[in-house]
Amino acid sequence: MRAALQQEQRLLPLPPCYYVDPFPTYRFKNYGMEEFFKHLIAIFREAANAKMAVRRMLEPISLPIRLSFFVRTLQLRRHIRLLERFSRVLAEDKAVVSFNNSDTNTIPPYYDWVLDKRLGRYAGLLLRQDRDAMAVD
Numbered sequence: 018m019r020a021a022l023q024q025e026q027r028l029l030p031l032p033p034c035y036y037v038d039p040f041p042t043y044r045f046k047n048y049g050m051e052e053f054f055k056h057l058i059a060i061f062r063e064a065a066n067a068k069m070a071v072r073r074m075l076e077p078i079s080l081p082i083r084l085s086f087f088v089r090t091l092q093l094r095r096h097i098r099l100l101e102r103f104s105r106v107l108a109e110d111k112a113v114v115s116f117n118n119s120d121t122n123t124i125p126p127y128y129d130w131v132l133d134k135r136l137g138r139y140a141g142l143l144l145r146q147d148r149d150a151m152a153v154d
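In the working numbering, each residue carries its 1-based index in the sequence shown increased by 17.
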């Protein structure tokens with residue numbers, strides 16, 4: 018599949034260390050990035066809405082399973098916020114838009130910022146040149 022995506026020029030030139038949510042790793046065939054994220058957020062919102070959560074909690078199943086449904090709903094809402102933030106960046110940050118539209122192969126600073134935030138105090142151990150050296154292609 019990777020070779021097919023490369024041949025269609027749909028694979029984004031990202032080193033594996035950037036393969037984290039919410040970054041897409043390839044271009045979508047039938048949607049632009051903004052439209053894709055808009056639809057994905059709508060689907061996740063439907064799955065995480067209060068009515069669905071209450072319905073799951075009222076199911077005649079064991080309490081631990083119902084609690085797991087509740088925790089999963091909270092996690093999905095957190096993920097929705099993450100996707101919404103990236104969707105706003107897609108709408109506002111020209112470097113991210115250019116990268117995702119194949120206008121440039123330069124990884125946007127926003128990607129580094131998110132990766133550094135995830136790495137926390139260990140971010141200094143993975144310098145930019147080391148990140149670029151991880152490229153698999």
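Cβ atoms here follow ideal geometry from the backbone N, Cα and C, with glycine treated the same way.
Exclusion of the five residues before and after M151 leaves P32, P33, C34 as the residues of its chain whose Cβ lies within less than 7 Å of its Cβ. Close CB contacts of L75 within its chain, under the 6 Å cut and outside five residues either way in sequence, are absent. Around the Cβ of V88, a 10 Å sphere holds fewer than 16 other Cβ atoms; the residue is exposed.
Sorting Y127, D133, Q26, Q23 by C-alpha distance to the C-alpha of L107 places Y127 at the top. Of all C-beta pairs linking the stretch 56-67 to the stretch 118-125, fewer than three are shorter than 8 Å, placing the two stretches out of contact.
The C-beta separation of S115 from F54 comes to about 17 Å, leaving the pair out of contact by the 8 Å criterion. Per DSSP, the beta bridge partners of Y43 are L28. By the beta-carbon neighbour count (other beta carbons within 10 angstroms, threshold 16), V71 is exposed. By the 16-neighbour rule on beta-carbons within 10 angstroms, N117 is buried.
Beyond the five residues adjoining it in sequence on each side, R44 comes within less than 6 Å, by CB distance, of R27 in the same chain, given in chain order. Distance from the CA atom of D38 to the CA atom of L99, rounded to whole angstroms, is 8 Å.
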